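Data first, discussion second: the structure below is written as structure tokens.
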Amino acid sequence: MGVLGQWWRRPGGGRRLTASELAGAHLLLLPSDVPQAEVSAAVRCRCPDAPSRSGALVLSEDGPALLHPALDLSPRAAARAGVTGPWRRALALAVPPQREATHPLGPDRDGLHRAFPAGLPTGSEAEGLRLLLGLARRFGGAVRIAGSGEVLEPDPLRAVDHLVRTTTWLEPEDLLEALGDLLPDAEAARSGDLEELVDGGPVPLDVDHLVDLGDADADAGGPVPEPYVVSAALDGIDVLLLVHPEEEMTVPAPADAATTTTYEVRWDSTDGGARLAEEPDERHRAERARAQAVVARVSAAVLDRTGGIILDEDLLPVLAAGPPPGRGPR
């Protein structure tokens, strides 16, 4: 079953949080009919190496940030913990507040600016809340914020971009060939502005290891492939593919794999502000629906050529495939 499976089922060493502890924690609120195994598998994908301590997952030693297993709340326990509405199942994130010193400059799609008007979470608190919001988006739940009591219900339709993570590296010409039927006008470039492109997306990434990786050596020996960008359009939707080696993988890498790779498939929207607004207008929602279909087609085409797994913007699995088809040496 593994550590995370045992974690969900509250091993004997675990303890039940008190009402005051629940009131002081950020809570992931879930419908009671969500299968426990699916939530556990999603957490396993995001936190594959998280250790267990006294029945809680240690998401970070900074604080530390502890994710306590799900518990069912009686109406009385829910009221004492400050949980309102229909929610009767909760996972608790216990983490000391870590906040920015300045007020949020603008809105964000999940409402964090409303929940933290004095300064957004940072560090391990921010990471933990991103996990809770991703799980809430996936399973139709909500996140109750400690202190303010604000309840955030992330819209599942807000997530558009995909990441394909695999052990197969394709050079630009090979990727263009693989996508030729779907994206005949696609163009590839080794971009000196890769960091700017990565930072411009709705999902921030750690770009420190994306720039100048071509000069580094992989653990298995030899140069690390150089990141590149593919730009294309399909059905009137502009997309970007950011291709780069990955230091950490969601899927296991073969022992002899020289590199592991992420293919980011991003909607290159001309209106980034609308993507961050809590209530985008009807025009943007219609364009977003078209973009979701395009991103899904492109990421599926990449997966068909490379194998691996597709993740959504919250780094939760969308679709997995087996190893890439045998097409001769790469």
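Numbering (this note's numbering), first residue to last: 20 to 349.
Every residue gets a Cβ at the ideal spot worked out from N, C-alpha and C, and that includes glycine.
Just so we're clear, the structure is a prediction, and the values are computed from it rather than from any experiment.
- Going by DSSP, Asp-91 is part of the beta strand (DSSP E) stretching over 84 to 91.
- A Cβ-Cβ separation of about 16 angstroms leaves Ala-44 out of contact with Ala-98 under the 8 angstroms criterion.
- According to the DSSP assignment, Arg-118 belongs to no alpha helix (DSSP H), since it is labelled neither H nor E.
- Residue pairing by DSSP places Thr-279 opposite no residue, since no beta bridge is assigned to it.
- Counting C-beta atoms within 10 angstroms of its own C-beta, His-122 has fewer than 16 neighbours from the protein chains shown and is therefore classed as exposed.
- For Leu-150, the enclosing alpha helix (DSSP H) stretches over residues 142 to 158.
- The beta carbons of Cys-64 and Pro-336 sit closer together than 8 angstroms.
- Taking C-beta atoms as the reference points, Leu-48 and Arg-133 fail to come closer than 8 angstroms.
- The alpha carbon of Val-243 has as its nearest neighbour, out of Pro-203, Glu-190, Glu-306, Val-258, the alpha carbon of Glu-190.
- A residue is called buried when at least 16 other Cβ atoms come within 10 angstroms of its Cβ; Leu-124 does not meet this threshold and is exposed.
- Excluding sequence positions up to five before and after Trp-106, its CB lies within less than 6 angstroms of the CB of Leu-48, all in the same chain and listed in chain order.
- One thing to note: Leu-171 has its Cβ within 8 angstroms of the Cβ of Asp-129.
- Ser-93 and His-87 have their C-alpha atoms roughly 18 angstroms apart.
- For Ala-109, the pairing in a beta bridge is given by DSSP as Leu-48, Leu-90.
- When DSSP states are grouped into helix, strand and coil, Val-183 belongs to the strand group.
- If you draw a straight line from the Cα of Gly-160 to the Cα of Thr-103, it comes to about 13 angstroms.
- Under the three-state reduction of DSSP, Asp-193 is assigned to helix.
- Going by DSSP, Glu-206 is part of the beta strand (DSSP E) stretching over 206 to 208.
- Cα atoms of Leu-36 and Ala-137: separation of roughly 28 angstroms, rounded to the nearest angstrom.
- Gly-166 and Gly-142 have their alpha carbons spaced roughly 18 angstroms apart.
- Ranked by Cα distance from Val-284, the first of His-303, His-263, Pro-175, Pro-299 is His-263.
- Annotation: the continuous beta strand (DSSP E) that includes Val-258 extends over 256 to 264.
- For Pro-336, the three-state secondary structure derived from DSSP is strand.
- As a beta-bridge residue in DSSP terms, Arg-285 pairs with Leu-259.
- Around Leu-253, the same chain offers Leu-201, Leu-202, Val-313, Arg-316, Val-317 as residues with beta carbons nearer than 8 angstroms, after the five sequence neighbours per side are excluded.
- Between Tyr-247 and Ala-197, the alpha-carbon positions lie close to 16 angstroms from each other.
- Cβ-Cβ separation between Leu-182 and Thr-281: approximately 6 angstroms, consistent with a contact (criterion under 8 angstroms).
- For a cut-off of 8 angstroms, the C-beta gap from Glu-40 to Ala-96 is around 12 angstroms, too long to register as a contact.
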